[in-house]
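Mature numbering (1 follows the signal peptide of the UniProt record, and there is no 0) puts the sequence shown at residues -32 to -1, 1 to 719.
Yeah, the Cβ is synthetic: ideal placement off N, Cα and C, and Gly gets one too.
Only a predicted model underlies this, so the values are computations on that prediction, with no experimental measurement involved.
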Amino acid sequence: MLLRINVGDALTCVYILLELLQLHTMLRVTDGSFGQTTRHFYFNKNKIGTGASSDVFIGVEKATGETHALKIFKDAQWSNSQENVREVEALTRMSHRNIVGYFRREEECGTGRGVLVMEYCSGGSLHSFLQQPENMHGLDDQQFLIFLNDTCQGWKYLRQRGFVHRDIKPGNILRDVKPDSSVVYKLADFGASKSVDHDNGQFLSLAGTEEYLHPAMYEKAFMGSGGNTVFDESADLWSFGVTIYHACTGDIPFKPYGGVRNNRNVMFMMITCKPAGTIAGEQRSPSEDIRWKRTLPDTCNLSPTIRERSVSIIAGLLEADRNRQWTFQTLEHSVQRLKSLKKFTIISAEDAALHNIYTSTSPSLSELQEAIAMVTEVPAPHQMLFHHDQRLWEVVNASYPLSAVNADEEEPIILVNKDESEEESCSNRTLGQEPTFGVRPSLDSDLKTASKICVFVFHLLLQVMTSARVEKGQKRAELSLWSYLKHLLGRVEKKFRVLSETCQEKQSRFEMMKSYESTRKEISRESDSTISQNTNKAKQSVCTIHRKLCLLKNEICRFRKKVNEHLESSPIISETSDLSNRPTMLKSIFEETKTILQRIRRRRSSLPLSECDELMHKKDRRDLEQLCQQSISHWQHHQMHHKHPSHLKFKEFKGVYLEHQETLLHFQKMLEELDMESAVLTETLKECWKSSDIAWKHIASSVATLFQSGPSRRSRFSVRQLTEECENNKKRFVDLMGHLPELEVLSLDSS
């Protein structure tokens, strides 16, 4: 008997067998590196977070194979806490894109410890992200705006459910990296959160992390006072202000000498007595006064617009006085305004600096130019802006507004200064001080040195990448200028052709008028001084215009040849080197240094070291020093092949371009003058016709008189022939005048 098995069922059986085999293999582990909960298994080596009361591991669900985050509490008594049970049960009702998902509670097999099964976010925490060497000075614009908006949306949802978080900090904001590389930030770790839905939004208990605590909570926790102080949402607002500063700079805002946890008196004075509007304070020695700061440091990666608005938000949140501190509604409004800004990426051709310019949602061209002037110090009248090799103000119109222009790093707006500016390249070509390890290995000092080496290598990588970006940006700028120059030349040539054709037509009209006037003289046998003067004047104009057109034609041909020669010999356009491959080796070295840094961090958190770990640590020290030397060698090699900075090449090219533009302006002026002379010629021909028309009317009157006096049959026949010929000539001339097209005046843009 044959069994009929559905293909889908068969695949399901195979999948279950494979899962059981994998589970069986892992259950054979006997060294304590494997653990289980009611529905999950995990490895101790896959710890992704640790805190005072719990550890977080990557767990795999046994039934489905899905990956989750397992928050395992260190104290088995935690599950018996009614308060925590009530809070967790409340969190099960939450479902939001910017709140880490909570699935269920479980118990660890064998220990009975409580386990929270949470959504797994592959990007780690904001805190770990800021510890990466490339982010040690804070987030860039894109990541910062995503973080700010996502966190506020998650927080808003939490507030609507009647909760305060009470422990907002970078470590409790997770990054979920999607398959398309997009990032979603999520609020996490609600162990300290509290429902205040029935308490008028107030609470008495303490929670939070020391560096991020509101001054009133800090006073109650560490200063021994404020015993009956009631707290509210202002605690979360203050913590979020500190978190925003940390995200902007990679560091906390208040730094007493010796550290926050070693100098709590000064820390308390900083957060309670800071002047209004200040966003940070630092004490560099025990006897030194606090250095207050009202701006973000220069090392901050944010653009000027985002930086300025971030300072306003931070200052509003870091107010100890609740009457002056921003409300959540004010914060949300400011975040939404930031989110709605329109971003334009600008590359300044002179120094190849890349600027992110932010404007209103539907900006005018003048608004964009003023914003560019604020950042680049290039006045609006001196700006030449190109996008897709076209002048920006020729692209933008009523049907295609500026808000529709998508100017990003791949297709930025190119800014060229009309003036002969003396800009220097934005590429910082200094090597800096090379970090070195101490003579004796020490995990504390070695970890700091390893971090410095990573930052040092990243600095060299940035220089090489910036150099590549400089050349790419200036090549794009040169191509845009050449394209526009050829466009202007095309307009000049078109204007020349139109004017030439028009003048040829007027010359034909002039020849016809001469024939017409000759016939009139034969009939009337008398000359007209007015007609003769106009005819001579028209003849002179025709000859002058023809001579100037011939000269201009030769000049345009020579100019076109010169432009093509410069285009072929352009040092940037003719360059064929692959700019994208230059930083590849340094990128590889940088990734290796990051891997070693992670190993040293893990060793630092798992003291004491075994003999094998100590040997591996010594090897990592040597490897880092060698990688640092390799990065220096690659950087020096790159510098040797780029002794002539790209911005100097572009300066030479811009001089040629401006010279060519002046020539085109000269052509334009000549064409405008010829256009005016052509208009004068038209009026002269009209005067000739007017005078001739009067003369022909006189002849017609004389012919009529002859008929009335009774001439002979033969005379009548001759006069009739002459009259018909005159009428035919008159008709032909009128037709010529009527069908002649008016000259279209095409103005060349001189800017």
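Pick helix, strand or coil for Gly245, following the three-state DSSP scheme.
In the structure shown, Gly245 falls within a coil segment according to DSSP collapsed to helix, strand and coil.
Considering only C-alpha positions, which residue in the set Cys120, Leu38, Thr512, Glu187 is nearest to His301?
Relative to His301, the option among Cys120, Leu38, Thr512, Glu187 whose CA is nearest is Cys120.
Limits of the alpha helix (DSSP H) - the one that Asp387 falls within
Run containing Asp387: none; DSSP gives neither H nor E here.
Assuming Ser599 is part of the alpha helix (DSSP H), what are its boundary residues?
For Ser599, the enclosing alpha helix (DSSP H) covers residues 579 to 608.
Nearest residue (CA-CA) to Arg515, options Gln501, Gln472, Thr503, Asn12
When the alpha-carbon of Arg515 is set against those of Gln501, Gln472, Thr503, Asn12, the nearest one is in Gln472.
Excluding the five sequence neighbours on either side, which residues of its own chain have a C-beta within less than 8 Å of the C-beta of Ser334, listed in chain order?
The residues are Ala348.
At what residue ranges does the region 47 to 124 contain a whole run of the alpha helix (DSSP H), taking only runs of 4 or more?
Those alpha helix (DSSP H) runs which fall completely within the region 47 to 124 and span 4+ residues are 50 to 59, 94 to 99.
Backbone CA spacing between Ala20 and Ile239 [nearest angstrom]:
Between Ala20 and Ile239, the C-alpha separation is close to 25 Å.
Tell me which residues share the same chain as Leu181 and place their Cβ nearer than 6 Å to its Cβ, disregarding the 5 neighbours each side in the sequence.
Nothing listed; no residue qualifies.
Consult DSSP for Lys137 and reduce its assignment to one of helix, strand or coil.
The answer is coil: DSSP assigns Lys137 none of H, G, I, E or B.
Quick check on the DSSP output: the alpha helix (DSSP H) that includes Gly209 runs from which residue to which?
First-last of the alpha helix (DSSP H) with Gly209: 202 to 217.
Please report the residue range of the beta strand (DSSP E) in which residue 722 lies.
Because the chain spans -32 through 719 in this model, residue 722 falls outside it and cannot be assessed.
Measure the C-alpha to C-alpha separation of His585 and Phe405 and round it to an integer number of angstroms.
Distance from the CA atom of His585 to the CA atom of Phe405, rounded to whole angstroms, is 12 Å.
What would DSSP say about Asp412, mapped onto helix, strand or coil?
DSSP places Asp412 in helix when its eight states are reduced to three.
Does DSSP put Glu335 in a helix, a strand or coil?
In the three-state DSSP reduction, Glu335 falls in the helix class (H, G or I).
Element boundaries [alpha helix (DSSP H), containing Gly27]
Looking at the DSSP string, Gly27 is not in any alpha helix (DSSP H); the run it does join, the beta strand (DSSP E), is 22 to 29.
Which residues in the same chain have their Cβ closer than 6 Å to the Cβ of Lys587, if we skip the five residues on either side of it in sequence?
If we look at Lys587 and ignore the five residues flanking it on each side, it has no Cβ neighbours.
Within its chain, find whatever has a CB closer than 8 Å to the CB of Gly441; leave out the 5 residues flanking it on each side and keep chain order.
Non-local C-beta neighbours of Gly441 in its own chain, meaning closer than 8 Å and more than five positions away in sequence, comprise Ile315, Ala317, Ala320, Leu322, Pro380, Ile382, ordered along the chain.
At least three beta-carbon pairs within less than 8 Å, the region 103 to 118 to the region 128 to 135:
Touching, no.
With respect to the beta strand (DSSP E) encompassing Gly17, which residues constitute its N-terminal and C-terminal limits?
Segment 8 to 18, the beta strand (DSSP E) holding Gly17.
Which one of Glu593, Tyr88, Arg65, Lys307 has the shortest CA to CA distance from Gly122?
Put simply, of Glu593, Tyr88, Arg65, Lys307 the residue whose alpha carbon is nearest the alpha carbon of Gly122 is Arg65.
Could you tell me which residues DSSP pairs with Met352 in its beta bridges?
The beta-bridge partner set that DSSP reports for Met352 consists of Val384.
With H, G and I counted as helix, E and B as strand and the rest as coil, what does DSSP make of Glu655?
Glu655 falls in the helix class under three-state DSSP.
Kindly indicate which three-state DSSP category Gly192 falls into: helix, strand or coil?
In the structure shown, the three-state DSSP call for Gly192 is coil.
If contacts are defined as beta-carbon pairs under 8 Å, then Phe296 and Cys216 qualify, I think. What distance do you get, rounded to the angstrom?
Contact between Phe296 and Cys216 is absent: CB atoms are separated by about 20 Å, not below the 8 Å threshold.
Going by DSSP, what residue range makes up the alpha helix (DSSP H) through Val279?
Judged by DSSP secondary structure, Val279 falls within the alpha helix (DSSP H) whose first and last residues are 272 to 285.
Beta carbon of Pro281, beta carbon of Gly209: below 9 Å?
Here residue 281 is Ile; the residue named in the question, Pro, does not match the sequence. Ile281 places its beta carbon less than 9 Å from that of Gly209.
Roughly how many whole angstroms lie between the Cα atoms of Pro254 and Glu187?
Here the alpha carbon of Pro254 sits roughly 21 Å from the alpha carbon of Glu187.
In the DSSP assignment, find the unbroken beta strand (DSSP E) run with His182 in it and report its ends.
Note, His182: premise wrong, no beta strand (DSSP E); not H, not E.
Write down the C-beta distance between Val83 and Glu75 rounded to the nearest angstrom, noting that I regard them as a contact closer than 8 Å.
Right, their Cβ atoms sit about 6 Å apart.
Apply the 10 Å Cβ neighbour rule to Leu519 and answer buried if 16 or more other Cβ atoms are within range, or exposed otherwise.
It counts as exposed.
Cβ of Trp294 less than 9 Å from any chain E Cβ?
Absence of chain E from the displayed structure is noted, only one protein chain being present.
Cα-Cα separation between Val531 and Asn522, rounded to whole angstroms
One alpha carbon belongs to Val531, the other to Asn522, and they sit about 14 Å apart.
In this structure, how does DSSP classify residue 723 when only helix, strand and coil are distinguished?
Examination of residue 723 is not possible in this model, given that the chain is present from -32 through 719 alone.
Does the region 25 to 44 come close enough to the region 99 to 108 that 3 or more CB-CB pairs lie under 8 Å?
Contact between the region 99 to 108 and the region 25 to 44 is absent, because fewer than three Cβ pairs lie under 8 Å.
For Ser330, tell me which candidate among His350, Arg359, Asn374 has the shortest Cα-Cα distance.
Nearest of His350, Arg359, Asn374 to Ser330, Cα basis: Asn374.
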